[in-house]
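Scroll down for the structure; my scribbles are underneath it.
Number of protein chains: 4
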Amino acid sequence: MSATRYTYLGPAGTFTEAALRTLPEAGTRELTPVASVSAALDAVRAGEAAGAMVAIENSVDGAVTTTSDELINGSPLMIYREVLLPISFAVLVRPGTSLPDVKTVSGHPVAQPQVRHWLAANLPDAQWESAASNAEAARLVQDGRYDAAVAGAFAAELYGLEVLSDEIHDVASPTTRFVLAGRPGRVSSATGWDKTSMVVWLPEDHPGALLELLQEFAVRGINLMRIESRPTGEGMGNYCFLIDCEGHLSERRVSEALMGLKRICPQVRFLGSYPRADQGTSAPLRAGTSDLDFANAADWLSRCLDGRGEL
Amino acid sequence: MSATRYTYLGPAGTFTEAALRTLPEAGTRELTPVASVSAALDAVRAGEAAGAMVAIENSVDGAVTTTSDELINGSPLMIYREVLLPISFAVLVRPGTSLPDVKTVSGHPVAQPQVRHWLAANLPDAQWESAASNAEAARLVQDGRYDAAVAGAFAAELYGLEVLSDEIHDVASPTTRFVLAGRPGRVSSATGWDKTSMVVWLPEDHPGALLELLQEFAVRGINLMRIESRPTGEGMGNYCFLIDCEGHLSERRVSEALMGLKRICPQVRFLGSYPRADQGTSAPLRAGTSDLDFANAADWLSRCLDGRGEL
Amino acid sequence: MSATRYTYLGPAGTFTEAALRTLPEAGTRELTPVASVSAALDAVRAGEAAGAMVAIENSVDGAVTTTSDELINGSPLMIYREVLLPISFAVLVRPGTSLPDVKTVSGHPVAQPQVRHWLAANLPDAQWESAASNAEAARLVQDGRYDAAVAGAFAAELYGLEVLSDEIHDVASPTTRFVLAGRPGRVSSATGWDKTSMVVWLPEDHPGALLELLQEFAVRGINLMRIESRPTGEGMGNYCFLIDCEGHLSERRVSEALMGLKRICPQVRFLGSYPRADQGTSAPLRAGTSDLDFANAADWLSRCLDGRGEL
Amino acid sequence: MSATRYTYLGPAGTFTEAALRTLPEAGTRELTPVASVSAALDAVRAGEAAGAMVAIENSVDGAVTTTSDELINGSPLMIYREVLLPISFAVLVRPGTSLPDVKTVSGHPVAQPQVRHWLAANLPDAQWESAASNAEAARLVQDGRYDAAVAGAFAAELYGLEVLSDEIHDVASPTTRFVLAGRPGRVSSATGWDKTSMVVWLPEDHPGALLELLQEFAVRGINLMRIESRPTGEGMGNYCFLIDCEGHLSERRVSEALMGLKRICPQVRFLGSYPRADQGTSAPLRAGTSDLDFANAADWLSRCLDGRGEL
């Protein structure tokens, strides 16, 4: 088994695999399915894989908290890429099965809320059985353990199943965001359309700390893209925050904000700067926040110290 | 079945039932176990129950997103009480089962991360099987479907099981916070040690909106206790926020802050003001934010309008 | 001498008189010149005049601190009207005087910095002599005490002088802002294009107090128009602030901001809400800050307290 | 006349001279009285003096706006030292003059408001005549032009006058702050108890700009010591701000704040970092704002870019 391979939540046929295969670099790597998000990341931590593709949030179900907690805790990981994948679920059954035959439905827990209403309307009496992945659910249906699986239609062929229905979403176009995580390494260059992720722990017993934290971004004109609170494990009411912001750590406005967080927070974990997967090529900056503006201000400062501020 | 009953996530023997029984009013009500958080709340919405006790967050695993989403979406509900319950898991097995016999372990998905490390160390090869509740897992062990259940030790007797181990927590003293939700009604009186919950949707395409939202609290000296982001379902990157703050809607600083949110946000859902379950009896207020301060300022304003501001 | 008269900084021929005569109500009043800003306001305080027209700031020289201090200290006054008057100075001399003859130039101290460069270029050796008003300077030139006066060209005829030059401004179009101050009384109705003035003392020894003060305005979408610091007289480093903001005290966003200041500051003196003198008829409001928005939010709050927040 | 001399507002016997003589370096310099604040600073600008001692604010009368405007406009100057001097005025008269004899009182305009109430009570009918300095007023009394001068008691002997009264202050212990200004040069080293002065122009037509400006300081834990608004001369309602803050430009929190201002404001003029004259030797810093904190955060940033953020 090669340390240059990528792991992902298996078995074959998961959306995670589909996301991984959108990356050009995946074409030259061994792709290894594993049993869980934690296993995928543990292989990276152990040096048995170069990267792990894991789901991090869904536009309907929100954060994949296992991934969040893996990124927050344990030995550090860094995000190098993100992929946005529209998630289109189908109900897969063994050939010949019809709706009234379905007593049990399986799928990943993240899938359940997205198809809750369809299930309530079409299979009100079927029992939901959580599986480690949607593809695993398909495999369990193949094995006869359950009657139906909620999975990508592309998994049907792989497991010898049929699509019973493929319009089962409560909400149009759910999207899952996946990230490729690896061991910490040199941050790749800015592309002009980047995102930076981090975990921030708040100073204890300090009302207004969250506001101060956000002001480190605001004062430098940086938009937040996502903020997710997670318990620190140190008792009810103690949270840390996973934050995604616009920009790249090599940009001055971003690095200054992160240094600001580092100074006021007991702990900050940098999770990487990487190209944004949403459409776009460059973000408009607030006046006065470009690297050139920072460089000019630094020049001016040097001149001020030397008595030549207005030369 | 009485409309004055309380529902909770069953079957009998769940931590939710234990939480519900800590409320004095539970002693005079019919308590009805149901199959899911959604079912518990749907019974309330349908007028078939007066209240539903549901878990809302855990000090280790974070938000119970099903509960969050139920409070955010659908017909409105309000929180009337909260309960904090230390969650002490045990591994329950059929009498005579020993560690090497355990091939499958079941429990509620929330339980899994809390005992992950114990399982990895003691049952590295056992398969995790999610159940609808910990008590349901115990029942499935009783039925012989699985070998071990992660549940409260108090469930052992109920299901004829034995405690194989009761020191299986990764982290000391995990606590789950439960809330009693009912249909919207008159807010009960302030006790001086209260909490207010709400859902806030951010103005679209408005960088800095989260900061402005937090400033509505900060400028009135109100501490936030919790903020949880959830997707709005309208595409990746759109979030609403479940917020708990100190204080009671009948207090001026709180009502003014909520009216401020109502004015700047496209939608605000008030989820109730209710007594805090953590220890304490009165929260210190920032100078100038008591109801008396508000009343005095309003008197002064009336006098100003009348030319008697300094009388 | 009538208690319905208006006082102003005399003698006849001052810019203050010219400003006063732009007010329609001045046509029906006795207008009485007095020797100083303090005397004009003291007559109002003593009930000997209904109003006093006084200069409060100049677009070149800044605040008229005597006026500021009179509004800050002593028995309360209120501003009822403001007037913006372009100040066009001329150099007035006795008939027959030419530039080389001018050894002394007199005028109000406020006038001096506005014509400093002209004097330096054209009368580098002339001595500046401060007078209580520009018109008084003209009178002293008439009396032969000084050789030239800096005053409004309209004062020439009144004092039998000639205009030696009327293009003497360092900067184009200086403007002086005058206010009509009276004893505190009922605030007149909002016109939709109003301004509110106040004095605010900061909490002692509280770094960041000025920022908090400004946030009371910002959080309610109110723009500041002017902020002037004045010493409190209680030792170096202690300041109070004269503040002008957009809007009228009868508007909710303004009244709520002022009540906020009243709560956090040891002292707030309301100085009036009155029509703006600059061109315009209505100010655009930030979304969510109109009186209707406030009323709707208050209605919503009442419904929330009653369990009908979403009805 | 030596280019190493210091100028000050003369004639001999002014408080400015007294302030200048408190500086050790004054003992080795030629001290030259000049006719005005502007003349004192012009000599510096012209290279005819190494420094000029000028009053910048008084604890009762506020800013000395001539000094403010000289620092804001024209070729740049820098402040190298500040002096706080208690200003104790006396009424000086020619020997033999008694209160009833005094028809005219002269003094610097800054002196007048500080003794206004004493004059109103004791010399209600005396005419105030402004002089270029208090010492000049004493000289004019010596010459018989006026009857009394408001000046430092130490000026009596110099001009052959007598002290008629020396308890004439409205408020106890007025203090004047003087600064020694020179041409821009290398900023001297931080002492740990320093102050930094600057002029900041706000972005045009940008409501909330003042708040943003203050947040550049607040986010870095820097207390403001003074803020003075002055008109820019570009029409009513346009102001720039003279700001004094704690700390020295060579400290990271201060330099980062000034660079922040430089980026968002159309113009910033650095006026110097110099030792504070008020008692104290070191200012307590907000956690996370020391130079060591900045250095540690910068180290961490470098490591993050290199994938070693947690090493």
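Chains as they are written, first to last, in the UniProt record's numbering: chain F, 1 to 311; chain Z, 1 to 311; chain U, 1 to 311; chain X, 1 to 311.
Think of the CB as a built atom: it goes at the ideal place given N, C-alpha and C, for glycine as much as any other residue.
Can you list the residues of chain X that residue i reaches, using a CB-CB cut of under 7 Å?
| i | result |
| --- | --- |
| F/PRO184 | GLY307, ARG308, GLY309 |
| F/ASP293 | ARG263 |
When the distance is taken between beta carbons, is residue j closer than 8 Å to residue i?
| i | j | result |
| --- | --- | --- |
| X/PHE154 | X/LEU85 | no |
| F/CYS245 | F/ILE264 | no |
| U/ALA120 | U/VAL150 | no |
| U/LEU305 | U/SER273 | no |
| F/LYS262 | X/TRP193 | no |
| Z/ALA26 | Z/LEU41 | no |
| F/MET259 | X/ALA297 | yes |
| X/VAL219 | X/ILE72 | no |
| Z/ALA90 | Z/SER106 | no |
| F/VAL179 | F/ARG81 | yes |
| U/MET225 | X/GLY237 | yes |
| F/ASP147 | F/THR191 | no |
| X/ASN58 | X/THR176 | yes |
| U/ARG252 | U/LYS195 | no |
Anything in chain U within Cβ reach of residue i, meaning under 8 Å, just list it in chain order.
| i | result |
| --- | --- |
| Z/GLU216 | VAL219 |
| X/VAL200 | Neighbours of X/VAL200 on chain U: none; closest Cβ ~13 Å, over 8 Å. |
| Z/PRO76 | GLY309, GLU310 |
Would you mind reading off the limits of the beta strand (DSSP E) that contains residue i?
| i | result |
| --- | --- |
| Z/ALA148 | 148-152 |
| U/ARG177 | 175-182 |
| X/ALA90 | 89-93 |
| U/THR7 | 6-9 |
| X/GLU310 | Looking at the DSSP string, X/GLU310 is not in any beta strand (DSSP E), and its letter there is neither H nor E. |
| residue 331 of chain Z | What is shown of chain Z runs 1 to 311, which leaves residue 331 of chain Z out entirely. |
Go to residue i, then tell me how far its alpha helix (DSSP H) extends in each direction, as first and last residue.
| i | result |
| --- | --- |
| F/ALA156 | 155-158 |
| X/THR67 | 65-72 |
Taking Cβ positions only, does residue i come closer than 8 Å to chain F?
| i | result |
| --- | --- |
| X/SER250 | yes |
| X/THR289 | yes |
| X/CYS245 | no |
| Z/GLY62 | yes |
Name, please, each residue of chain F whose Cβ falls closer than 8 Å to the Cβ of residue i.
| i | result |
| --- | --- |
| Z/ALA66 | The amino acid at residue 66 of chain Z is misidentified as Ala; the sequence shows Thr. Within chain F, the residues near Z/THR66 are PRO113. |
Answer with yes or no whether the minimum CB distance from residue i to chain Z is below 8 Å.
| i | result |
| --- | --- |
| F/GLU230 | The question names Glu, but residue 230 of chain F is Arg in the sequence shown. For F/ARG230, the answer is yes, since a Cβ of chain Z falls inside 8 Å of its Cβ. |
| residue 314 of chain F | This structure leaves residue 314 of chain F out entirely; chain F is present only between 1 and 311. |
| U/VAL187 | yes |
| U/LEU211 | no |
| U/LEU301 | yes |
| F/MET225 | yes |
Going along chain U, which residues have a C-beta under 7 Å from residue i?
| i | result |
| --- | --- |
| Z/ALA297 | MET259, LYS262, ARG263 |
| Z/VAL110 | Correct list: empty, because the minimum Cβ distance to chain U is about 29 Å. |
| residue 373 of chain X | With chain X represented from 1 up to 311, any question about residue 373 of chain X goes unanswered, as that position is not in the structure. |
Please report whether the beta-carbon of residue i lies at a distance below 8 Å from any beta-carbon of chain U.
| i | result |
| --- | --- |
| Z/ARG269 | yes |
| residue 313 of chain X | Not covered by the structure: residue 313 of chain X. The range shown for chain X is 1 to 311. |
Along chain Z, in chain order, which residues have C-beta atoms closer than 7 Å to that of residue i?
| i | result |
| --- | --- |
| F/ASP69 | PRO113 |
| F/SER130 | PRO109, SER130 |
Starting from the beta carbon of residue i, find every residue of chain F whose beta carbon is closer than 7 Å, and list them in chain order.
| i | result |
| --- | --- |
| X/SER255 | LEU301 |
Any Cβ of chain X within less than 8 Å of the Cβ of residue i?
| i | result |
| --- | --- |
| F/CYS240 | no |
At 3 residues or longer, what runs of the beta strand (DSSP E) sit wholly inside the segment 200-242 of chain F? 224-231
Unbroken stretches of the alpha helix (DSSP H), 4 residues or longer, contained in the segment 102-148 of chain X: 111-122, 134-142
Completely contained beta strand (DSSP E) runs for the segment 249-304 of chain F, where each covers 3 or more residues: 267-275
Would you list, in sequence order, the uninterrupted alpha helix (DSSP H) runs of no fewer than 4 residues that lie entirely inside the segment 17-84 of chain U? 37-45, 65-72
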